[in-house]
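Number of protein chains: 2
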Amino acid sequence: MDDIRIRLEKVKYRIIIMSGKGGVGKTMITVNIAEALALKGYKVSIFDCDLHGPSVPKMLGLSNVSLLANDQGIYPHNARNNIEVVSMDFLLPSEESPVIWRGPIKTRAIMELLSRVNWGERDFLLVDLPPGTGDESLSIVQFIPNISGSILITIPSRVSEHVVRKAVSFTRQLNIPILGIIENMSYFICPNCGAKYNIFGKGGGYRIAREMNIRFLGEIPLDPRLAEACDKGLSFLSIYPESETAKVLNEIALKILGLLGVK
Amino acid sequence: MDDIRIRLEKVKYRIIIMSGKGGVGKTMITVNIAEALALKGYKVSIFDCDLHGPSVPKMLGLSNVSLLANDQGIYPHNARNNIEVVSMDFLLPSEESPVIWRGPIKTRAIMELLSRVNWGERDFLLVDLPPGTGDESLSIVQFIPNISGSILITIPSRVSEHVVRKAVSFTRQLNIPILGIIENMSYFICPNCGAKYNIFGKGGGYRIAREMNIRFLGEIPLDPRLAEACDKGLSFLSIYPESETAKVLNEIALKILGLLGVK
Numbered sequence: 001m002d003d004i005r006i007r008l009e010k011v012k013y014r015i016i017i018m019s020g021k022g023g024v025g026k027t028m029i030t031v032n033i034a035e036a037l038a039l040k041g042y043k044v045s046i047f048d049c050d051l052h053g054p055s056v057p058k059m060l061g062l063s064n065v066s067l068l069a070n071d072q073g074i075y076p077h078n079a080r081n082n083i084e085v086v087s088m089d090f091l092l093p094s095e096e097s098p099v100i101w102r103g104p105i106k107t108r109a110i111m112e113l114l115s116r117v118n119w120g121e122r123d124f125l126l127v128d129l130p131p132g133t134g135d136e137s138l139s140i141v142q143f144i145p146n147i148s149g150s151i152l153i154t155i156p157s158r159v160s161e162h163v164v165r166k167a168v169s170f171t172r173q174l175n176i177p178i179l180g181i182i183e184n185m186s187y188f189i190c191p192n193c194g195a196k197y198n199i200f201g202k203g204g205g206y207r208i209a210r211e212m213n214i215r216f217l218g219e220i221p222l223d224p225r226l227a228e229a230c231d232k233g234l235s236f237l238s239i240y241p242e243s244e245t246a247k248v249l250n251e252i253a254l255k256i257l258g259l260l261g262v263k
Numbered sequence: 264m265d266d267i268r269i270r271l272e273k274v275k276y277r278i279i280i281m282s283g284k285g286g287v288g289k290t291m292i293t294v295n296i297a298e299a300l301a302l303k304g305y306k307v308s309i310f311d312c313d314l315h316g317p318s319v320p321k322m323l324g325l326s327n328v329s330l331l332a333n334d335q336g337i338y339p340h341n342a343r344n345n346i347e348v349v350s351m352d353f354l355l356p357s358e359e360s361p362v363i364w365r366g367p368i369k370t371r372a373i374m375e376l377l378s379r380v381n382w383g384e385r386d387f388l389l390v391d392l393p394p395g396t397g398d399e400s401l402s403i404v405q406f407i408p409n410i411s412g413s414i415l416i417t418i419p420s421r422v423s424e425h426v427v428r429k430a431v432s433f434t435r436q437l438n439i440p441i442l443g444i445i446e447n448m449s450y451f452i453c454p455n456c457g458a459k460y461n462i463f464g465k466g467g468g469y470r471i472a473r474e475m476n477i478r479f480l481g482e483i484p485l486d487p488r489l490a491e492a493c494d495k496g497l498s499f500l501s502i503y504p505e506s507e508t509a510k511v512l513n514e515i516a517l518k519i520l521g522l523l524g525v526k
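Taken in order, these protein sequences are the chains called G and C.
Residue numbers for the first sequence follow the numbering used here, so the first one is 1 and each next one is one higher.
Residue numbers for the second sequence follow the numbering used here, so the first one is 264 and each next one is one higher.
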């Protein structure tokens, strides 16, 4: 634990990104918030510790990355300007090998990594947690000292709402300040006729925010261009800086900076 | 292990529903396949063992269910005509309590349940596995003897493809026959102008099926009515039996029956 504290000493803000369930776009949002912050000039590191499906590297267009290591420790991979990454994916033998690891082994692997990575001087460490409130999330959160805050990701549906409430309880039980909640896949605007659809329902994120007394950070639309950029490992914010979706992502990044009191 | 074998003796087909990552609609599909089979007259049980976000009960419109138990064991809850359910959700103290359980405790809880439930005479047991290929999935799959087959759920994007390939390796390593793959959220047809959009990309499920030599069972569209029915715990197939989405779901159920050789 002491090692981990020392390794993280020069990282100013440590933020965990979590969701009650998977597939709500947690990784996409982590990567795009990292980008939004990096494009503003902040030095951002991402720790991708979703062992079952570490997809941060894919979204950043990385493949076959091996981390450099020497007797000083392991060095994060420089992905893009101002963005460095450590992903469990870099440690897996092949693209198709599943991580059939037992709980204690996984926990040890995460702890091991955290105690050996030279994060260096960074403004932000964004931790892309595994979905849910189980074992791995618990371990990781306990290993990281002085977490500045958590960001919760949800989608509009009630079924998802039910699950994200558990994540709120989880962070409160662990005494982590909640920065706020982001609702993803909030609506779709038909590019052809302009009609707006709430494909996954409406207002789940806002409802949780209000009822559980946490900040609502914004709603991100369903945008095929965003999905495509993530799929191809391209920077959505650089390609479509003027889009509505980019505006929303940037506003969320600004809110986070404001909440943390970053100048 | 012997107990579990005996408890499952009168269940003809045991199918596990899995995905490489969460949020691809695994639970929605489990519930709707169960419905499609139940509406054809088969007796279906669902074992909802996604400990982090057990949402089968919500989708079936159930709340505050307690399971009946006597010295013969635990009895599944009758949800709808021909559908019975056992969910980890029934064992959790409150809607908001997260399951911060350590791996070995979870494994024991699942094993305990499986060895005590009186499933009775059923045609199908559909097991809604936790997402991913970790600990819990591994334990559950090892506990269930004679699995008839697995169904893999994915969405069209490449990022998701990467992850689902791991699930394919996982089932192959465990010698479980793969019945096929279902692609969810495949397309959206604008109800206003009829334009068709591949919001999450195109063809991921089909590509995996072809490259990994497994059957492609069908593609389910993004349908706000389906999301709404699930959110409200209503039976989509009973409300919109004539819809394109219902047709797709029924065809998938028929394919499964065909593959298993059910008369």
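Cβ atoms here follow ideal geometry from the backbone N, Cα and C, with glycine treated the same way.
For a contact meaning CB atoms closer than 8 Å, what does residue i contact in chain C?
i               : result
E228 of chain G : G464
Would residue i and residue j qualify as a contact pair, given that the criterion is a beta-carbon distance under 7 Å?
i               : j               : result
E84 of chain G  : K10 of chain G  : no
I15 of chain G  : G149 of chain G : yes
M59 of chain G  : V86 of chain G  : no
I267 of chain C : S378 of chain C : yes
D494 of chain C : S186 of chain G : no
E35 of chain G  : S243 of chain G : no
S326 of chain C : T290 of chain C : no
I181 of chain G : F216 of chain G : yes
I17 of chain G  : D128 of chain G : yes
G336 of chain C : N381 of chain C : yes
G233 of chain G : G286 of chain C : no
L259 of chain G : L179 of chain G : yes
L91 of chain G  : V141 of chain G : no
Tell me, to the nearest whole angstrom, how far the beta carbon of residue i is from that of residue j; I am working on the premise that it is less than 8 Å.
i               : j               : result
N447 of chain C : G288 of chain C : 4 Å
I110 of chain G : F143 of chain G : 7 Å
D50 of chain G  : P130 of chain G : 5 Å
F124 of chain G : Y13 of chain G  : 5 Å
I471 of chain C : T417 of chain C : 7 Å
C193 of chain G : N455 of chain C : 5 Å
L520 of chain C : T508 of chain C : Contact flag wrong, Cβ pair sits at about 19 Å.
Mind listing the chain C neighbours of residue i? Cutoff is C-beta to C-beta under 7 Å, in chain order.
i               : result
C190 of chain G : C453, N455, C456 and A458
V24 of chain G  : G286
With 16 as the cutoff for other CB atoms within 10 Å, does residue i come out buried or exposed?
i               : result
R66 of chain G  : A small fix is needed here, since residue 66 of chain G is Ser in this sequence, not Arg. Exposed is the call here.
K369 of chain C : buried
G205 of chain G : buried
S238 of chain G : exposed
K510 of chain C : exposed
K306 of chain C : buried
R7 of chain G   : buried
G218 of chain G : buried
L302 of chain C : buried
N250 of chain G : buried
D265 of chain C : exposed
G41 of chain G  : exposed
A342 of chain C : buried
G132 of chain G : buried
L68 of chain G  : exposed
A458 of chain C : exposed
E211 of chain G : exposed
E424 of chain C : buried
E112 of chain G : exposed
D71 of chain G  : exposed
Could you name the residues of chain G that residue i contacts, counting a contact when the two beta carbons are closer than 8 Å?
i               : result
D494 of chain C : S157, R158, V159 and G201
Which residues of chain C have a Cβ atom closer than 9 Å to the Cβ of residue i, listed in chain order?
i               : result
G149 of chain G : Those within 9 Å of G149 of chain G in chain C number zero; the least Cβ separation is about 18 Å.
Could you list which residues in chain G have their beta carbon closer than 9 Å to that of residue i, in chain order?
i               : result
P487 of chain C : Y197, N198, I199, F200 and G201
Next on the checklist: Does the structure place the stretch 484 to 494 of chain C close enough to the stretch 191 to 210 of chain G that three or more beta carbon pairs sit under 8 Å?
Outcome noted: Under the three-pair Cβ rule at 8 Å, the stretch 191 to 210 of chain G counts as touching the stretch 484 to 494 of chain C.
Checklist entry - For the stretch 123 to 142 of chain G against the stretch 162 to 173 of chain G, are there 3 or more C-beta pairs whose distance is under 8 Å? => result Output reads yes: the stretch 162 to 173 of chain G touches the stretch 123 to 142 of chain G.
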